[in-house]
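Below is one structure, written out as structure tokens, with a few remarks after it.
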């Protein structure tokens with residue numbers, strides 16, 4: 024894989040996010056689970072799938088710290104999901120059998136996206152444009168709920184997962200290209 028970051032990198036990032044978002048969640052869309060448990064399990068699996076897919080795409084971008092993208096991303100997803108699932112004011116748990124409102128999902132996913140971006144920023148902070156990630160990830164994850172909501176409404180889970188990955192991947196793909204193209208900052212202490 025070339026170190027060049029351009030249109031082909033964006034396509035690779037987009038495809039990785041769609042596949043990472045859609046592969047594992049198929050496992051939890053079965054009858055024994057109620058809707059809120061399916062959403063929670065689905066999003067855990069989304070986090071795992073996206074983290075793995077992004078790690079593969081970024082494997083040669085953060086040497087020697089490349090192996091940290093996966094655990095940092097998973098940590099962010101788990102913390103974010105725990106917060107939005109268990110804090111009553113934010114939680115979609117209160118709506119037992121119905122789909123949470125789109126506004127609740129958008130706010131919840133923006134919170135998750137912010138926490139994930141803070142964790143991922145630990146690897147991106149050596150780039151000058153790394154601060155962009157604090158905006159791109161929460162906005163992208165929040166807007167990805169439009170695809171998720173559309174798919175859930177139609178009861179087409181694979182469509183929901185694919186659309187969520189497509190929206191998230193498209194937006195964060197543009198941002199990661201901007202970050203990776205920016206010059207690295209020097210953290211040398213001058214004497």
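Numbering (my numbering), first residue to last: 24 to 214. For every residue, glycine included, the Cβ atom is placed at its ideal position computed from N, Cα and C. Computed from a prediction, not measured in an experiment: that's the story for all the values here.
DSSP beta-bridge partners for residue i?
i	result
residue 207	150
Closest by CA to residue i, which one among the options?
i	options	result
residue 89	145, 108, 30 and 177	145
residue 158	177, 182 and 202	202
residue 198	163, 68 and 128	163
residue 125	74, 44, 175 and 33	175
residue 131	169, 160, 191 and 165	165
residue 173	129, 30, 204 and 82	129
Rounding to the nearest angstrom, what Cα-Cα distance links residue i and residue j in this structure?
i	j	result
residue 107	residue 138	11 Å
residue 194	residue 78	17 Å
residue 40	residue 136	14 Å
residue 92	residue 28	18 Å
residue 35	residue 123	32 Å
residue 72	residue 65	10 Å
residue 80	residue 171	23 Å
residue 150	residue 69	27 Å
residue 46	residue 153	29 Å
residue 33	residue 141	22 Å
residue 196	residue 127	25 Å
residue 207	residue 147	9 Å
residue 37	residue 84	17 Å
residue 155	residue 200	11 Å
residue 209	residue 42	36 Å
residue 183	residue 109	23 Å
residue 161	residue 95	16 Å
residue 177	residue 75	28 Å
residue 67	residue 101	7 Å
Please look up how many angstroms separate the CB atoms of residue i and residue j, rounded, as I've assumed it's under 8 Å.
i	j	result
residue 99	residue 143	7 Å
residue 185	residue 44	7 Å
residue 97	residue 63	Residue 97 to residue 63, Cβ: 15 Å. No contact.
residue 167	residue 181	Residue 167 to residue 181, Cβ: 15 Å. No contact.
TODO: Entirely within the segment 158 to 189 and at least 4 residues each: give me those alpha helix (DSSP H) ranges in chain order.
DONE: none
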